[in-house]
Each structure stands twice: as structure tokens, then as C-alpha cells.
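The structure appears right after this line, and notes come after that.
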Amino acid sequence: MTYLSKINTPATAMRTVRIVTGLYLLAFVTSHLLNLSLGLISIKAMDAARPFLSGFWTGGVGGLVLGLMLVVHYLIGLWTIFRKPVLNGTTQDMVQVLTGVFVIPIMATHVIGVSMLGNVGVHLDYQSINQLFWLSNPEIGLLQVILVSVVWVHGSAGLFTWLRSKSNAVAVLPWLYPLAVAVPVLALLGYVQAGRAVLIEAKAAQIAEETGAHSGDEGGAERFTTDAYDPPIESTQNNVPAPDIPYALINSVTSQTIWWSLGLAGFVFLARGMRLWFTSASRVRITRGDARPIEASSGLSLLDAFRGGDQPHANLCSGRGRCGTCAVRVVSSDIALPEPSPLERATLDRIGHGPDTRLACQLRLLGGGAIEVAAIYPADYSFSDSKPGRDEAGGVVEAIQ
Amino acid sequence: MRMQVSRLLTVFVFVVSVLPTLLFAQEATGPVPPSANDLHEFTRLLSDERIQNWIVEQAAVAELDNEDFEVTARQELVGALSKIRTGVTNLGLAWQAAPTAMDLFRQRWAEQIQPNAQVVGLTFIMIFLFLGAGLEWLFRQYTNPIKLRIEMQTIDGLAQRAYAAGLRTLITVAGLVIFAVGSIGAYASFSWPPLAAVIVLNQLVVIFAVRAIWTIVVLFFAPRVPELRLLPVGNATAKYLSRVLLFLSAFIILAVSLVDMYGRVVTIPGSDSPVPQTLAVVAVGASLGAVATLLCVFLSFSKMVRIQGMPMSKSQRMWRLYLLVLILLVFIALLLNVTQVMWSIALIGLLVPALTLIRAWVGTSFDDANEDHKARALKAAAAVAAEAPEVPDEGDAEEEELVEEEVEHLSPYETYRPIALRLARFLAVIAVGIAIALIWNLGIFEPSESPTIAGRIISVLIDSAVALLIADLVWVWAKTAIDRRLDAYVPPQDGQAPGPEARMATLLPLLRIVLMVTLLVMVSLSILTSLGVNIAPILAGAGVLGIAIGFGAQSLVKDVVSGVFFLVDDAFRVGEYVEIDQLRGTVEKISIRSLQIRHHRGAVHTLPFGELKSLTNYSRDWVIMKLEFRVPFETDMKLVKKIVKQIGAKLKANEEYGDAILETLKSQGVRRMEEFNMVIGVKFMTRPGEQWLVRRDAYQMVRDAFDEHGIRMAERNVKVEVAGAENMTEEEKRAIGAAAQDAIQKPLVPGPIPDEP
Chain A
1 MTYLSKINTP ATAMRTVRIV TGLYLLAFVT SHLLNLSLGL ISIKAMDAAR
51 PFLSGFWTGG VGGLVLGLML VVHYLIGLWT IFRKPVLNGT TQDMVQVLTG
101 VFVIPIMATH VIGVSMLGNV GVHLDYQSIN QLFWLSNPEI GLLQVILVSV
151 VWVHGSAGLF TWLRSKSNAV AVLPWLYPLA VAVPVLALLG YVQAGRAVLI
201 EAKAAQIAEE TGAHSGDEGG AERFTTDAYD PPIESTQNNV PAPDIPYALI
251 NSVTSQTIWW SLGLAGFVFL ARGMRLWFTS ASRVRITRGD ARPIEASSGL
301 SLLDAFRGGD QPHANLCSGR GRCGTCAVRV VSSDIALPEP SPLERATLDR
351 IGHGPDTRLA CQLRLLGGGA IEVAAIYPAD YSFSDSKPGR DEAGGVVEAI
401 Q
Chain B
1001 MRMQVSRLLT VFVFVVSVLP TLLFAQEATG PVPPSANDLH EFTRLLSDER
1051 IQNWIVEQAA VAELDNEDFE VTARQELVGA LSKIRTGVTN LGLAWQAAPT
1101 AMDLFRQRWA EQIQPNAQVV GLTFIMIFLF LGAGLEWLFR QYTNPIKLRI
1151 EMQTIDGLAQ RAYAAGLRTL ITVAGLVIFA VGSIGAYASF SWPPLAAVIV
1201 LNQLVVIFAV RAIWTIVVLF FAPRVPELRL LPVGNATAKY LSRVLLFLSA
1251 FIILAVSLVD MYGRVVTIPG SDSPVPQTLA VVAVGASLGA VATLLCVFLS
1301 FSKMVRIQGM PMSKSQRMWR LYLLVLILLV FIALLLNVTQ VMWSIALIGL
1351 LVPALTLIRA WVGTSFDDAN EDHKARALKA AAAVAAEAPE VPDEGDAEEE
1401 ELVEEEVEHL SPYETYRPIA LRLARFLAVI AVGIAIALIW NLGIFEPSES
1451 PTIAGRIISV LIDSAVALLI ADLVWVWAKT AIDRRLDAYV PPQDGQAPGP
1501 EARMATLLPL LRIVLMVTLL VMVSLSILTS LGVNIAPILA GAGVLGIAIG
1551 FGAQSLVKDV VSGVFFLVDD AFRVGEYVEI DQLRGTVEKI SIRSLQIRHH
1601 RGAVHTLPFG ELKSLTNYSR DWVIMKLEFR VPFETDMKLV KKIVKQIGAK
1651 LKANEEYGDA ILETLKSQGV RRMEEFNMVI GVKFMTRPGE QWLVRRDAYQ
1701 MVRDAFDEHG IRMAERNVKV EVAGAENMTE EEKRAIGAAA QDAIQKPLVP
1751 GPIPDEP
């Protein structure tokens, strides 16, 4: 409820929605990966924990909510790509954009396959899934590893960016970092362990077939020539008549999703390019303190200009206007500066500085000219600096007031 | 009885017969003598004709082998030419086989690796990379603030820059190691089929190697942080060059890895025959690499020209041409499969521009360091000036100039410039030398005879170069150090006592000559050894000669050696007043063998150091001088004391020698009583050499003051008391006076005053 009370502008509302949906999705991914890591024990353990760790999120209404969250998060991300003046400001931003764009095409095969099979009544267990990923369709298995990497990198990057902008999260962060590595690594190792079990089983079966002088060639051939998505295990293991599985439909839905999402992303990039093309750029000369002046093209935010000029500048939230550590005092400017957006106003009010203080990440330089600013926080500022007993940052803050 | 004797005898015989066996048990258990049967068999074998023929053949072959071992230069040339011919032939075969290269690869690949296994292998690579990257990311979360702080700090001075850049690189390297341990370690914990192992490891190593190279490039170029840049280049240049280097190294590493993988896949395990397709792929890879390198060289040169905004200079054109020729040579050598020659060309070829660059680099680094030092000294001077604001204005500019000049002169780094230059050059040459030696398999680290003539020549060259370089390094270091000390030595001005540096001025040139001779001898001996000359006779001869000369020049050697020790003891310096046995004088000259002192009356004494037993030095620290005055018994001692005190104060206030007086004149009271008077003692203490002036004035002033206060100096007088003198006539009195005169005339021998020069 406290969150809702804060939402009073579209920008902050969008920000909040993005965080909430992202956190929800990350929680699901974590839970799912923990389920996978049980593969270190056995495939049975994976299956046993499945209703609690994965099924809880995907079953029934949960699945719908998850899908909704995903779509909303994705669309907000695309909107940000369209709006942001610079995408490759930091490595982290670039990674966020790339992983965000490619996450849907990569996960489409897995998500649509599993959910549509579930709809027609085929419930895959981890035994069959692992056989599929390691034996019959290893390229899909490879795709899952890439998916885990991409999703986890995207999620944890977002999480840590968000947490770093919270001054009361400083104490938690050092403990979260190891977790952020441990969860996917354990999941992948569990996956590898399960895969090895499956591979050994298959090898044993093959040897048994060969020594037993069975004419197992046909079965083997059938097994290894199966197309994109048909688990052959269903018919053999469950001993129930296989339900009518609409493979063609699943495949077409999957490929359509992939192409549509890629097309949408491409369209967003195109639109962004057009937008940048039409807003004509001119040169801005930026002086900060006694550092050497840098040249940047207009349309960038001040923070992006600093990054482009290789001048470090404090920004704990990577330029999302949350933390207020990129604040600068405008000494002189012959460019007409835009009024602070409500988002910027809110953050400025929170950190509480004079009227000529602006957020470098939100201050966009519209038009050519020269501007001189003074940084308020040192470039290597972190929230642990503002603890009592460390007065260098405090001194800076006081000097400005 | 008889029984016993016989029994004893038996025992004795037994012992005698067993004892040698026991004693020589060692020999007995060794070669067991052949039995008669064996010997018969052996003679039979020897008489066999087949065996005889075989032995003769073996002997011939062994002789041939021995001859072969000593390869002549001609044979070697023939061998090299035939190797090149084979290389050309192989190239032709490869050219023919080239179109089938890909097909062959696909076929072998399909034979050896199942399609599913490929994908599974790729899955594993992904997982390993994720593991390594994840661990490195974790490490970075904790080290990033430190790194940022390093990048943010203001750097002043070369040392701090090098330290900060090194620290930053260390953090990066630690991350890289964690990455490698995570990914390659995870790889190693699985067992792999041999081919898959090579492929997976190849990819991991490629990624690791490229990242390692990037780390090194960042250490030197620091494209983002100009403060931490070790090389003297601008921002644009650093960015461009680091990117080009990264691209080039990544390209070449990837090409090498792919070619290697191709070779491994195509070669059928167990067969040694080379596959011509492999050579074709090598050729393609080498061509691509050569083209990429040429492209990078040309683009870099044109970019540099654009950045500096001037047309390309002649030397730049020359360097470009040089690199072009070098790349082509390496390429040809690679194609002909003469790996050793290729590496040698590449290393030596790169060493030449590298030496030029290193010289420029060291030069600019020292210039920077001097600038820093100057700026700091000027700042300090400005701070001093600011503290004393009453400095007149007109003197400012001049003063500043003076300070600047002084700073220029005093820059502490300048003397190290030649050493640093030589050291850098030395390290570069040594590194290349070791690399070439390893490539040619010369075994520089263990004494081994290289079988080929070219190898021998190269090893001699490397040995001599190393000896020369080390000697050069030591010589330059010692020479600059000695010259620095000698430059700092200021010869004493006339009349002043020389400082302790004076003896260094004597010793150091001697040391320099000794060092030079030693180094020359050692280098020539070491070069002779590496040439194969047996230097033992030379050494022995030198030893004999040394002993002969040593006996002959025993006293000379004694003089020199004891001279060194006198100088080390700091027993005397030039300009000091010394006494040796009965000889006194000022030290005028100190040579290796002898010491010259000049007596104050002009005579010059020359004393070999060997003759010096003990030596008295009158010019050290302080001198006490005692003066005596004879006054009558009725003198008022209090008055004398007061007068002496006043005079002491006056002497101390004298502006010529007042500072040299350590303890001024003071009265010591009555020193002794004599027949007709008493002796008053006064003393004072001065710096050596100043006492004479003070004494002169002290005598004069005391006399004047006594005169003024009516104190009479005691004179020798004889009081003659004659009983009934009142009745004497004038005549008699005169006679008595004349008789007493004789007593006065008798000289009273004054004792020698010890402090008289």
C-alpha cells in the first residue's frame, strides 16, 4: 500500500510496475532454478519438489499471472528502449537491453511447448524432459542453458541496480552477491548431473541391446530422427494411449511467437532510430569542476555525456533517476534546460538540495552550447560512504547547501 | 691330546678357508665366473660366421654414426635446402588438396563425433563459461569499488602511476584467474573423449588467452583512464591502438586454434603421415593472418598520421615498409614449415622496433618524472615564498629562475636515465635471446653441445651478447653512481678544512679503473669460453704472472692496500695538518701509493702509505691552546682573572675568528710558583687552524691590559743582600752588581712549548 501511495506520475508508476513485475518474474525463475539444482541429488528429487517449486507458479491462475507479468515487463522494457537517449552507456545497460530483447525468442520453445502440452493433458516429468534435452533434441537442451544464462543475467542485473539505489540495502548486498552466483550455477550443475544420468542410462541400454542381439536399429533410428518437439517417452513409459498432441500447432505458435517478438523488437529499434534521426543533434561543451571539458552531441543526458567522455560520475542506479547520486549543481549554462520531470523532482525533493541542483541522468541537453556543472558526490560514492563517521561525502553535501 | 690338536687344526683350516670368502664376499657375489660350459658355448658362437659378419657390420655402422654426429656446414646447408624443397613440394600437394579440405573435415568430423555429442559438448562449454563468468562477476562485485578508487585518484609522479596501474591490473588478473579456474577447472573435473577434450579446451583457452592479452594491453594503454596510462600516447591513439591489438590478437589466436583443431580432427589417430589438407588449411589461416596483420599495420599508420595531423615522415614510411617486409618473411617461413627460422625472424624483427620504442618510452618517462619533480619543487618554493611575504618584488623573477635552475640541476632521476635505458634494453634483448635459444633447443640452462653449426654459432652469439650486456649494465651503473658522487664533491676552498667527501674523491676513480679492468677481463674470458677456447691455461698463466708480480711488487701492493685502509679509516684528508714520526706539515696530495705533506716552511715530504705506522692529525674537531704569563708574587690575582675574562669576551666578539672560538680565553689561576715569580695559566679552545691568530691577539691584549692596570710582567732580577752593605762604597756596590749580572746572564732554559708548529 505504501508503494501505491507513492505512484502519482506516469513515469514513477511505470518504474514501479517494472520493478514489481521484474521481482515477481525473478522470484519464479529462482524457484524454478532451485528445483533444477535438485538434479544434483537425483531426477526423482527434482520431480518430487516440482509441485512446490515450479508448479506453484505455473499452475492455473498462477500461470496466467506469470504470463501477464512477463508481457507487461517486456512491453515496458521496449518502451524504455524507445525512450532512452543512449543504450550503451554502461556495459550493464547494454547487457540489459540485449538479454531483454532475446529472452522471449529463446524461451518461446520451452514455455509454449510445456504449457501447450499441459493444456492437452501431457504432463512432462523431469525424467522425460531430461531425456528430451540430452538425448533426442540436444539443441533444445543447449537453448535452455543459454536461456538460463540470459534470464539470470537480466534478472540479477535489474535486481542489483534496483537494490543499489536503495540506501538501506547496502548491508544486504554483499550477502546477495554469492547467492546470485550460487543459484544458477547449482541449477546448471544439477542439470548436468541429471543429463549425465540420462546419458549413462542410454549408453547402458544401447550396450544391452547390442549384446542382446536385438534388432534395435529401427527403434534407435526412430528415436534420433524425431522432429523438433515430440517426446517419444510418453507412449512408452506412461502406458496410456497418447493423447492427440498437436505438434504442428505447437511448432507454428512457437515460431510465430519468436518472429513476432523479434519483429517487435526490430520495430522498436527502428522507431528509436527514426526518433534520434529527426531530433537534430548539435554539439555541447560540458565542463565539470576542474576536469577537462568534454564534447557531446545534444539529445544525450548529462550522465551519458560523461560516460561518452570517459569521465567517471557517481550513478548507483545506472541512470534511472532513483538514487540521486548523480546530482550536479548547474554553475552556468547557455542552453535552455528542460524543467525537471516529476520523477526527477521527486528524487530531488527526497535528497533535498538547492534549486539549481539537477540529476545528471535525467537532465537532457536539448540544443548546442556550453554548460558548466559541479558534481555533488564523488565519482566513487557508495551508500556506505554516507554512514556516520565518514565525513568526506557529508562534507561535500554540506558545502553545496 | 692328539684329538684336540687335530680338532683345533680342523677349525683353523676351516677359519682360514672361510675368512677370505667372508672378507671378499662383495667380490664373490658380483660377477660369477663363467662355467666351462658357457665358455665353450661362447667360443662356438664366436666361430660362427654369421655372428662374425654381424659384428663387423655393426662396427661399420657405429663408425658411420660417429662420423654423422659431426655435421659439417655443407651437410647442414644441404639438409636445410632439402627441407625447403620438401616444404615447397608439400605446398604444391596442399594446393591440389585444398578443394577437398572441407569435405575431408566434414567426413572425419562425422566419423568421430556424433551430432548429438557436438551439441552436448557445446552445452558443456556454455555451462563452464557461465560458471567461470559467474565466479568472476562475484569477485568483481567486491573489488569494483577498489578499482574505481584507483581509477579516480589523482596521480602525481611516475612511481604512483606505475603502482596504481599495476594494482589495477592485478585485480583484473585475479578476476581472470578465477574465471579460468572456474571454467577450465570445471572442464577438467569431467572425463572426456580425447577429441572432444581438445575441442572444448581449445575454445576455453582461446577465450582465456584473448582476455589475458586484453589485460596486458589495458595495463599499458589504459584506453579509458589517461591517468593510469603507462605509454606516452594520447587518448585517441590509445583507444585505437588497443582496439587494433585486441582484434589482431583475437584473430590470430582464433585462427591458430581453428587450424589446430582441424589438424586434430583430420589426422587419423595412430598414423603419422601428414595430411596435405592440413597444410592447405594452415596456408589459408596464415594468409588470412598475414592479410589481417598487414591491414592493421597500414590502418594504424594512417590513423596515427591523421591523429598527429601531419604528413607521414620519412622514418614512419621506413618503419611501415620494414614491418611489411617482416610480415611477408614470417609468412613465407611459416608456409615452408621452417618454424625455428620463422620464430627467429619474428622475434628479432620485432626486437628492432621494440628497442626504438623502449628508448623513446624510457626517455619520455624520465622527462615526465623530471617535470613532476620540478613542479613539486616549484610548488614547495612558492609555499616558502608565501610564508615570507616581505620578499621584495623585483627579485621574484630572478629568484624563480634560480630555483628553476637549481631544480633542473638537482633532479634526482636524471642520473638513473642511462641505467634505466640499458636495463630496459637488456631485459628486452635477454628475453628475445632466451626465447630464440629455447626455439632452437640450445639448452642454455644446461651445458650441452648443440649438434648443428648454425645452432652453435647462435649459442656463441647469445652467450657473448649476454656477457657483454651484463658487463655493460654493471659498468654503466657503477660509472653513473661514481660520477654522481664525484660531481657532488666540491673541492675545499683555500684555508678551509676539507669535508669527509674528500677521501671519496681519492678512492672512487681508483675503484672505477679497477672495476673496468675486471669487467673487461671477465667479459673477454667468458666470450673465449663460449667460443670453445680453453681458458684454463690463460687463467693459470695469469695466476703465475700474478704471483711473480706480486712478489716483485710486494711493497707497492702493501702501499696501495694500506693506503686504501688509511683512506677508509679517514685518518687524514687533503689540507689537514698532520705529524708523522718527526715530520709535520699540511697534507697536499694523496695518491694511490703515497702521501705528500708540506712543512710550514715549504719542504715537501713524500711518505709511502706502507711506511705509516701512526699518524697524528692536528686538524680534527678542536684544538686547545695554553698560554703562560710570569708575574710578580704581589700581583692581584682577582684583577688578573677579571682582565682575562674581559679579553676573552673581546676575542669572542672578534668578527674574523670569533666564530671559530669554541671556548674563549679563561684564566686557570696560578699554575706554579717559580723562584722569582709565579706562572699564570690561561687557555682557550678553537677550531683547528684558527688557534694561531687567536694566540697572537691574546698575547697582545693581555700585555696591553696588564700594562694598563699596572701589573708588571716579572723580569729576571737578582737581589743581592750583602751584610753591612750600607758601609760599602759605590765602587764596591758596582762590583757586586757586575758579579750578580753574571747570574742573570746565565740562560734559563725554557721548556719547549708543545703546540708550537
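Taken in sequence, the protein lines are chains A and B. Just so we're aligned: 374 in the numbering used here is position 374 of the first sequence, and the numbers increase by one with no gaps anywhere. The numbering used here runs 1000 ahead of the 1-based position in the second sequence. No residue lacks a Cβ here, since even glycine has one placed at the ideal position from N, Cα and C.
At 8 Å on the CB atoms, spell out the chain A contacts of residue i, in chain order.
i: residue 1230 of chain B; result: Within 8 Å Cβ-Cβ: nothing; residue 1230 of chain B doesn't reach chain A, min ~17 Å.
Check whether the Cβ of residue i lies closer than 7 Å to any Cβ atom in chain B.
i: residue 387 of chain A; result: Residue placement at residue 387 of chain A is flagged as unreliable, the pLDDT there being 48, under the threshold of 50; a coordinate-derived value is accordingly withheld.
i: residue 93 of chain A; result: no
i: residue 188 of chain A; result: yes
i: residue 177 of chain A; result: yes
i: residue 103 of chain A; result: no
i: residue 181 of chain A; result: yes
Apart from the five residues just before and just after residue i, which ones in its own chain have a Cβ nearer than 7 Å to its Cβ?
i: residue 19 of chain A; result: 162
i: residue 102 of chain A; result: 150
i: residue 318 of chain A; result: 90, 92, 93, 161
i: residue 70 of chain A; result: 25
For the alpha helix (DSSP H) containing residue i, name the first residue and the last one.
i: residue 24 of chain A; result: 10-37
i: residue 1601 of chain B; result: No alpha helix (DSSP H) holds residue 1601 of chain B; DSSP gives it neither H nor E.
i: residue 193 of chain A; result: 173-211
i: residue 1586 of chain B; result: Per DSSP, residue 1586 of chain B belongs to no alpha helix (DSSP H); it is in the beta strand (DSSP E), 1583-1590.
i: residue 1240 of chain B; result: 1235-1266
i: residue 1308 of chain B; result: 1276-1308
i: residue 1485 of chain B; result: 1453-1488
i: residue 1629 of chain B; result: Where residue 1629 of chain B is concerned, there is no enclosing alpha helix (DSSP H), although the beta strand (DSSP E) it sits in stretches over 1623-1631.
Could you work out which residues of chain A lie near residue i, taking near to mean beta carbons separated by less than 7 Å?
i: residue 1149 of chain B; result: 380
i: residue 1145 of chain B; result: 380, 382
For residue i, which residues in the same chain have their Cβ closer than 6 Å to its Cβ, ignoring the five residues on either side in sequence?
i: residue 1151 of chain B; result: 1225
i: residue 1478 of chain B; result: 1515
i: residue 1195 of chain B; result: 1112
Under 7 Å Cβ-Cβ, which residues of chain B neighbour residue i?
i: residue 185 of chain A; result: 1131, 1134
i: residue 404 of chain A; result: No answer is possible for residue 404 of chain A: the residues shown for chain A start at 1 and end at 401.
Counting only C-beta atoms, is residue i closer than 7 Å to chain E at any point?
i: residue 1257 of chain B; result: Here the protein chains are A and B, and chain E is not one of them.
In chain order, what residues of the same chain have a beta carbon less than 8 Å from the beta carbon of residue i, not counting five sequence neighbours either side?
i: residue 1504 of chain B; result: 1485, 1486, 1489
i: residue 1372 of chain B; result: 1156, 1157, 1158
What does residue i reach in chain A if we use C-beta pairs closer than 9 Å?
i: residue 1152 of chain B; result: 312, 378, 379, 380
i: residue 1311 of chain B; result: Simply none; closest approach about 26 Å.
Hey, is residue i's beta-carbon within less than 7 Å of any beta-carbon in chain A?
i: residue 1119 of chain B; result: yes
i: residue 1122 of chain B; result: yes
Could you spell out where the beta strand (DSSP E) holding residue i opens and where it closes?
i: residue 1679 of chain B; result: 1678-1686
i: residue 369 of chain A; result: 369-375
i: residue 1421 of chain B; result: Element bounds for residue 1421 of chain B: not the beta strand (DSSP E) but the alpha helix (DSSP H), 1417-1439.
i: residue 112 of chain A; result: It is not in any beta strand (DSSP E) - residue 112 of chain A instead sits in the alpha helix (DSSP H) that spans 91-119.
Checklist line | Proximal residues, the stretch 123-156 of chain A versus chain B, C-beta separation under 8 Å | finding: 134, 135, 138, 139, 141, 142, 145, 146, 148, 149
Notebook entry, point to check: According to a CB-to-CB cut-off of less than 8 Å, which residues of the stretch 280-311 of chain A neighbour chain B?
Noted result: 310
Notebook entry, point to check: If you measure beta-carbon to beta-carbon, which residues of the stretch 1124-1143 of chain B are closer than 8 Å to chain A?
Noted result: 1124, 1126, 1127, 1130, 1131, 1134, 1135, 1137, 1138, 1141, 1142
Note to self: Give me the subset of the stretch 1215-1230 of chain B whose CB atoms are less than 9 Å from a CB atom of chain A, sorted by chain position.
What the structure shows: Here the close residues are 1223, 1224, 1225, 1226.
Note to self: By the 8 Å beta-carbon criterion, what residues does the stretch 1273-1302 of chain B contribute toward chain A?
What the structure shows: none
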